[in-house]
Each structure stands twice: as C-alpha cells, then as structure tokens.
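Okay, so here's the structure we're looking at.
Numbering (my numbering), first residue to last: 336 to 539.
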C-alpha cells in the first residue's frame, strides 16, 4: 500500500522525485506547452461516496480496509480505458501536428504510468479474490463466507463506477468544455459539432 501511494503521489521521504501526479502535468505541458493551463482544483474523492456500514458483520476497521481495496481496484480498472484513450490521441498524427515529438514523449510517459497501474491492479485483484475465498469471523461470534460478504457490494460498486459515476463525470466534463468553447468566436458551432458526435456514438 505504501508503494502504491508513492507511485501515485510521491514518496514523502523522497520529495524531490515526482510521481504519477507530476507525470500527468508534465505530459500536459509537453502537449500544450508549459503553463498553458492553470493547475486544476482536485476533487475531494474519486471513489464511491460513503454509504454507511456495508459489512456490519465485521469490525468497522476491517470493513474500511476491505472496501478501500475494492474501491481502489475499481478506480484502477476504470483508469485503464482513459490511459488507452490518451495514448491513442497523443499518437494520432493529425493531433498536435506541430508538436509531434513532444506528443510521442507524452504518450511514452503515460505508458510508463500504465506499467505501474498494471501492477496495482494485479495485487488488488489478488487481495480481493483471496478475501472472497476466505471465511470471516463475525462480531457476533459466527462466520460468513467471503463471497457472500463481498459479491453484493462488488456488484454495486461496478454499477456505480461504470454507470452512475460515468454519467456524472460526462455531464461535468461537458460543462467544462462548454465554458471553454463559449470564449471562442465559433464556440457555438464547435459545441454543436461536439454534441453531434455524442449523438452519433449513442446511435451506433
């Protein structure tokens, strides 16, 4: 867990070395030039909102650890499609035509992040799968099978990340894009073309 955190946000004992958070900003600057955009405000959380106790059969501390591992696994799996999308755009010869060398370097940087993330997914899959195969002692002195504890919650997490959060993020991003396009002379036309692409995707 410490290594995972250091990959994502840096090692507190080695603050001079950047991690994935710094690498994404470096990739952005390669694509658009340094300081082309301000540092955005980070969301408080990208995980599923607190649902209250979901595993009351277990001590709360154990429940929190299990839910955290499950939630982070879903975040990591969901992120892979975003990494693939970024690399595809960065390597498109029609995109960033005047910064092709920098765009290729940015794509290589994202690929390095993907290598780390694959390791994260691997250990999290192993941990959750092994917990699913275990039998847990409950707070009332009984037992519960791991799969009976984990599977219903996992199903809800998958739906939240794949549907609920995806729809919410889409609306948030559209508002961001709309605000940026409104500052451009042909912004209304560009927004109409952007929305038309969404309609085409839905029709397909």
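Just so you know, even glycine gets a beta-carbon here, dropped at the ideal spot from N, CA and C.
- With 16 or more neighbouring CB atoms inside 10 Å of its own CB, residue 431 falls in the buried class.
- DSSP places residue 482 inside the alpha helix (DSSP H), whose first and last residues are 481-494.
- Looking at the DSSP output, residue 472 bridges to 478.
- In the structure shown, the three-state DSSP call for residue 461 is helix.
- Taking a C-beta distance under 9 Å as the contact criterion, residue 418 and residue 454 do not qualify as a contact pair.
- With a 10 Å radius around the Cβ and a threshold of 16 neighbouring Cβ atoms, residue 500 comes out buried.
- The C-beta distance from residue 441 to residue 425 rounds to 5 Å, short enough to fall under 8 Å.
- By the neighbour-count criterion, in which 16 or more other beta carbons inside 10 Å mark a residue as buried, residue 401 falls on the buried side.
- In the DSSP assignment, residue 426 falls outside any alpha helix (DSSP H), carrying neither H nor E.
- For residue 513, the enclosing alpha helix (DSSP H) stretches over residues 500-516.
- Here residue 533 carries a helix assignment [DSSP, helix/strand/coil].
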